[in-house]
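The structure under discussion appears below in the form of structure tokens.
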DNA sequence: ATGTTTTTGTTAATTATAGCACTATCTTAA
DNA sequence: TTAAGATAGTGCTATAATTAACAAAAACAT
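Chains as they are written, first to last, in this note's numbering: chain A, 20 to 230; chain B, 20 to 230.
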């Protein structure tokens with residue numbers, strides 16, 4: 020399997036395909052096709068085949084794809100055939116929402132530790148995980164060999180938290196703070212900025228014609 | 020100003036630039052350059068100039084950009100020189116987090132109504148907005164001329180909510196439910212899928228070499 | 001004044017991504 | 001057994017986006 024450059028858009032679509040296939044599988048459907056997948060997720064059939072072709076041949080010409088097989092293949096491609104240890108930093112409203120998000124556990128993301136700077140929150144339990152003070156972050160994250168950090172702290176605190184996560188050995192960070200973070204190139208970073216998302220909408224609704 | 024096609028990536032970056040410029044402005048800095056902006060947000064200077072060039076000439080050669088001016092220009096481009104009426108549907112943990120998110124109000128997004136299907140939540144107040152039952156959605160959204168809907172309901176309920184939002188006249192939808200939604204082409208739709216974001220990370224950390 | 005430096009706006013080149021059309025292969029039915 | 005229909009895989013083409021290079025213009029120093 021050659022390791023040519025895969026577009027990020029392809030990875031995002033694979034993730035959506037796998038979710039769609041999970042639904043299809045639950046309905047008891049055995050076989051599907053690029054056309055059906057395309058209809059289900061709103062892309063072109065060619066796009067579906069192209070995305071899969073980066074990783075191998077998973078279907079049968081004239082027949083289509085076995086739903087369970089293809090789903091498993093995609094999960095493996097995405098690195099979801101194993102569980103991931105995740106730490107959550109920041110237990111504001113957003114952190115709380117993330118901690119209880121069912122979708123994470125279903126996909127193999129296990130929140131193994133939670134941290135907050137507020138002494139009033141430290142010691143409380145979220146699910147069955149106790150909220151710990153920030154000064155234990157490095158120790159605990161190292162101990163758990165946690166690979167992923169979710170940052171849900173105020174913008175002003177985010178860079179410092181990220182630095183601590185990195186020196187504790189996390190490999191990837193999902194950042195919800197509305198700030199540009201500096202991380203070394205070997206660390207995977209993704210930003211989810213809620214306001215940015217709304218602003219893309221307003222541009223398309225109004226801006227496109229208004230400027 | 021010609022209305023050529025603007026890449027979505029450009030819009031996302033403009034939003035980030037404007038946030039950066041807000042910070043720079045708060046520090047009392049008067050003038051900046053494409054290089055400084057680029058450093059601040061982690062892109063190339065050429066990219067910054069190219070993005071701005073879609074919309075006009077905002078700088079002075081040999082000098083740079085006036086921070087306040089450029090910020091205002093970008094806000095206007097993004098459609099943020101006016102307030103937007105937003106409705107929030109779904110008051111689970113995520114909905115709660117979104118309702119209290121400061122960043123929205125700061126950028127001119129005003130949550131004018133909140134809905135939930137759970138009778139226990141209906142009637143409670145979030146901030147100074149009362150949670151209303153879903154069956155009042157169309158009436159209230161029409162009355163307020165609400166332009167944007169935020170969907171934070173379970174996946175199974177999302178399509179029905181979206182249909183109601185559209186028939187109530189919203190023009191844009193920000194969807195947090197992990198499901199592919201069908202909307203007519205004139206409706207702007209953006210999906211924020213938290214699991215997808217994590218999966219892009221795991222692919223890059225492990226998948227890239229593991230498949 | 002004039003040349004040097006800075007930094008923009010713009011054009012050109014490169015790279016990346018998506019779409020299309022064709023080929024190969026499988027199933028089914030006559 | 002063979003022909004017809006379906007559908008995956010793939011190479012080519014077209015489109016889009018990013019990067020790089022360069023020309024225009026302003027400020028500054030001599």
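Note that CB positions come from ideal geometry on N, CA and C, so glycine has one too. Since the model is a prediction, treat every value here as computed from it, not as a measurement.
- Per the C-alpha coordinates, the member of B:185, B:138, B:74 and B:42 positioned closest to residue 60 of chain B is B:42.
- Close to residue 27 of chain A, with beta-carbon spacing below 7 Å, are these residues of chain B in chain order: 219.
- Taking 7 Å as the cut-off, the beta carbon of residue 99 of chain A is found no closer than this to the beta carbon of residue 122 of chain A.
- Taking a C-beta cut-off of 7 Å against chain A, the contacting residues of the region 190-218 of chain B are 190, 191, 193, 197, 199, 207, 209, 211, 213, 214, 215, 216, 217 and 218, listed in chain order.
- Within the region 35-113 of chain A, the complete alpha helix (DSSP H) segments of 4 residues or longer fall at 53-60, 64-72 and 86-96, listed in chain order.
- Contact with chain A is absent for residue 102 of chain B, since none of that chain's Cβ atoms lies less than 7 Å from the residue's Cβ.
- Membership of residue 131 of chain A in the beta strand (DSSP E) is indicated by the continuous run 128-135.
- Remark: C-beta atoms of residue 220 of chain B and residue 169 of chain B do not approach each other more closely than 7 Å.
- Chain A places a beta carbon closer than 7 Å to that of residue 30 of chain B, counting this residue as a contact.
- Residues of chain B with a Cβ closer than 7 Å to the Cβ of residue 65 of chain A do not exist, since the nearest Cβ in that chain sits about 18 Å away.
- Shown in chain order are the members of the region 71-90 of chain A whose Cβ falls below 7 Å from a Cβ of chain B: 74.
- In the displayed model, residue 209 of chain B falls within a strand according to three-state DSSP.
- Judged by beta-carbon spacing, residue 165 of chain A lies within the 7 Å limit of residue 189 of chain A, meaning their Cβ atoms are closer than that value.
- As the crow flies, the alpha-carbon of residue 70 of chain B is around 36 Å from that of residue 109 of chain B.
- Non-local C-beta neighbours of residue 208 of chain A in its own chain, meaning closer than 7 Å and more than five positions away in sequence, comprise 192, 194, 200 and 202, ordered along the chain.
- The region 88-97 of chain B and the region 23-37 of chain B touch, with no fewer than 3 CB-CB distances between them shorter than 8 Å.
- Using a CB distance cut-off of 7 Å, residue 112 of chain B counts as an interface residue toward chain A.
- Residue burial annotation: residue 49 of chain B is exposed, with fewer than 16 other C-beta atoms found within 10 angstroms of its C-beta.
- Annotated three-state conformation of residue 189 of chain A is coil, per DSSP.
- CA-to-CA, the gap between residue 89 of chain A and residue 66 of chain A works out to about 16 Å.
- As computed with DSSP, residue 144 of chain B is found in a beta bridge with B:149.
- In this structure residue 179 of chain A is exposed. Its beta-carbon is surrounded by fewer than 16 other beta-carbon atoms within 10 angstroms.
- When C-beta distances to chain B are compared with 9 Å, the residues of the region 29-49 of chain A below that value are 30, 31, 33, 34, 35, 37, 38, 39 and 42, in chain order.
- By the neighbour-count criterion, in which a residue is buried when 16 or more other Cβ atoms sit within 10 angstroms of its Cβ, residue 131 of chain B is buried.
- Residue 82 of chain A is classed as exposed because its beta carbon has fewer than 16 other beta carbons within 10 Å across all chains shown.
- Inclusion of residue 138 of chain A and residue 174 of chain A in the CB contact set at 7 Å is not warranted, their separation being larger than that value.
- Shown here, residue 167 of chain B sits in a strand according to DSSP, grouped into three states.
- Non-local beta-carbon contacts of residue 184 of chain A in its own chain, meaning distances under 8 Å to residues more than five positions away in sequence, involve 106, 108, 156, 160, 168, 170 and 192 in chain order.
- With a 10 Å radius around the Cβ and a threshold of 16 neighbouring Cβ atoms, residue 213 of chain B comes out buried.
- For residue 167 of chain A, the C-beta contacts it makes with chain B under 9 Å involve 217, 220, 221 and 224, in order along the chain.
- Within the same chain, Cβ atoms closer than 7 Å to the Cβ of residue 141 of chain B are found at 135, 150, 151 and 152, the five residues on either side in sequence being excluded.
- For residue 61 of chain A, the nearest CB of chain B lies under 7 Å from its own CB, placing it at the interface with that chain.
- For residue 195 of chain B, there is no enclosing alpha helix (DSSP H), as DSSP gives it neither H nor E.
- In the three-state DSSP reduction, residue 201 of chain A falls in the coil class, being neither helix nor strand.
- For residue 116 of chain A, a Cβ of chain B is located within less than 7 Å of the residue's own Cβ.
- With respect to chain B, the C-beta atom of residue 126 of chain A has a partner C-beta closer than 7 Å.
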